[in-house]
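Residue numbers for the sequence shown follow the working numbering, so the first one is 90 and each next one is one higher. Yeah, the Cβ is synthetic: ideal placement off N, Cα and C, and Gly gets one too. All values reported here derive from a predicted model rather than from experimental measurement. This report concerns only the one structure given below.
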Amino acid sequence: ELGDTGDALGLSVYAVGGFVRDLLLGMENLDMDVTVEGDGIFFAESFARTHGCRVRSHPAFSTAVIVRPDGSKVDVASTRLEYYESPGVLPTVERSSLRHDLYRRDFTINTLAFCINKDRFGLLTDYFGGQQDIQERIVRVLHNLSFVEDPTRVFRAVRFEQRLGFHIAPHTENLIRNAVRMNVLDKVGGTRLLNELILILREREPVRAVFRMAELGLLPSIHPALKQVGEAERVIHETTQVLAWFRLLYLKDHCEQWQVYFLALCDRLKQEEFVGICKRLSVPGRVVSRVFGLRNRALGVLEAMQRRLKHGPPIRNSEVYYCFQGLPLELLLYLAARTRHEEIRRFVSLYITHLRQVRCTLDGIALQQMGIKPGPELGYVMKHLLTARLDGTITTTEEERSMAMS
Ligand code: CTP
């Protein structure tokens, strides 16, 4: 369809970047990037008009996003040249050739263009040896300044290498190490850095990428405290197991995998180091204090439980419930990964799969109708009933009623 619009307007249209890479690798990729030889915005608007799509245009960059009725998106770029007139100022954009457009890209494997006009459909343009590098499974930059121009590419290199099972070419790896040595990551804003980290930690199997980042010195350049990530190795590996277990439960609750890995990555860090990393990643202050508070509480709970297991009487379900209540899933899963006690892991599991759903049949209104006054007394009765339900000392509404009255 995109090709038809190109044909109608007399414009050459190419699928480019990750979409073509994954096509050649036989992998699914629903994000389509398209480059138009000519005015991409005009193209996108024409396509949207005839196909009932919305379009968001960015004239300053000669780009547009087509949003289909089903929500899927196509990024449209115009072949263009960007001039940085002075550092820090937005680039001046001018139209140029497809070759120039592809030359600006990060790695050769992302520089293939697949023509989607009808008469040349499927014709592959390969200026920089992308096909060969895909075949040989190599991540290679196009030129020596690639990481200096855009330091976030060091993370992209690791992400592609690990996701696709490729190898970063030796020269490219040297350029990464040089860039790290030159502290180029210091100039990258926290939000961009966090985004790259999130993308890696959201990958299907992020653990090898984490250790590859550590080995290339990328983690310490986010924050010096991340140098000791090796010490968190056990917890990071356990995180994979715990997340696999959680997925098999097929619960409706959404869990942010990246957050669990992030907590694992920071496992050995002191609270102030943890806060330092969050600040470097531009996490907003109120979020930092919330996470900081919750992480503290969770670690405190873990210690208290360990002590209880050693000395105290058996831990009751209601105790597990009140310990874990209010902790987000991500923190609970992190605790399960962190603990060395099988019993505590079972408590987390029991809480997630069962205890947190437990409710009394009699709610506040029903109890008031039975004559209990609103206020602290009602609160006390409700907690008492819930505790009894959790511990299984009562199981029916009748028992709830008689307990409430006594
Ligand atoms: N790109 C780049 N430098 C960056 C980010 C992106 O050169 N820092 C280029 C790459 O050529 C990439 C294209 O822009 O192919 C689109 O970016 P993105 O959608 O992030 O990359 P994909 O290759 O599609 O990656 P993914 O499979 O993770 O979506």
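With burial defined as no fewer than 16 other Cβ atoms inside 10 Å of the residue's Cβ, what is the status of residue 331: buried or exposed? buried
What three-state label does DSSP hand residue 412 in the structure shown?
In the structure shown, residue 412 sits in a helix (DSSP, three-state: H, G or I).
Near the ligand CTP: residue 239 beta-carbon under 7 Å from a heavy atom = Checking every heavy atom of the ligand CTP against the Cβ of residue 239, one is found closer than 7 Å.
Got a sec? Which residues, its chain only, sit under 6 Å from residue 143 by beta carbon, not counting five neighbours each side? Cβ within range, chain order: 156.
### Task
Measure the alpha-carbon distance for residue 456 versus residue 490 and round it to whole angstroms.
8 Å
Exercise. Could you spell out the range, first to last residue, of the beta strand (DSSP E) harbouring residue 166?
Key: 162-167
- Measure the alpha-carbon distance for residue 416 versus residue 217 and round it to whole angstroms. Looking at the two C-alpha atoms, the distance is approximately 50 Å.
| Just the Cα atoms here: how many angstroms apart are residue 184 and residue 93? | At residue 184, the pLDDT of 48 sits below 50, so the modelled position is not reliable; the number obtained from the coordinates is stated separately. Taking the straight line from one Cα to the other gives about 22 Å.
Could you give the DSSP three-state label for residue 184: helix, strand or coil? With a pLDDT of 48 at residue 184, under the threshold of 50, the predicted position of this residue should be treated as unreliable, and no value is reported.
### Query
What number of angstroms, rounded off, separates the C-alpha of residue 313 from the C-alpha of residue 362?
9 Å
- request: Quick one: residues in its chain with C-beta nearer than 8 Å to the C-beta of residue 420, no 5 flanking neighbours on either side, listed in chain order?
  value: 352, 383, 384, 387
Nearest neighbour of residue 228, chosen from 209, 262, 215, 474 [CA to CA]: Taking only the C-alpha atoms, the option nearest residue 228 is 262.
Just the Cα atoms here: how many angstroms apart are residue 266 and residue 196? 16 Å
* Spatial neighbours of residue 239 in its chain, beta-carbon cut-off 8 Å, leaving aside the 5 residues before and after -> Result list for residue 239: 195, in chain order.
Looking at the ligand GDP, does it come within less than 7 Å of residue 93, judged from the CB to the closest heavy atom? With respect to the ligand GDP, the structure shown offers nothing to examine, as its ligands consist of the ligand CTP.
| task | Grab me the residues of residue 407's own chain with a C-beta within less than 7 Å of its C-beta, minus the 5 sequence neighbours each way, in chain order. | result | 476, 479, 480
- Alpha carbon to alpha carbon, how far is residue 436 from residue 399? Give it in angstroms, no decimals. 15 Å
query: Are the Cβ atoms of residue 315 and residue 308 separated by less than 8 Å?
result: yes
Using only alpha-carbon positions, find the residue among 245, 211, 424 that is nearest to residue 286. 245
**Item:** Option nearest residue 345 by Cα separation, candidates 281, 298, 423
**Value:** 423
**Asked** Measuring CA to CA, which of 374, 311, 255 is closest to residue 225?
**Response** 255
Short of 6 Å in beta carbon distance, which residues of its chain neighbour residue 412, apart from the five on each side in sequence? Order them along the chain. Closer than 6 Å at the Cβ level, and outside the excluded window around residue 412, lie 390.
| query | Given a threshold of 16 other Cβ atoms within 10 Å of its Cβ, counted over all protein chains shown, does residue 295 qualify as buried or as exposed? | reply | By the neighbour-count rule (16 or more Cβ atoms within 10 Å), residue 295 is buried.
Considering only the beta carbon of each residue, do residue 237 and residue 302 sit closer than 8 Å?
No, Cβ-Cβ distance for residue 237 and residue 302 is not below 8 Å.
Mapping DSSP to helix, strand and coil, what is residue 435?
-> helix
Check: residue 106 C-beta below 7 Å from any heavy atom of the ligand CTP: yes
- request: Leaving out five residues on either side along the sequence, give the residues of the same chain with a beta carbon under 6 Å from the beta carbon of residue 337.
  value: none
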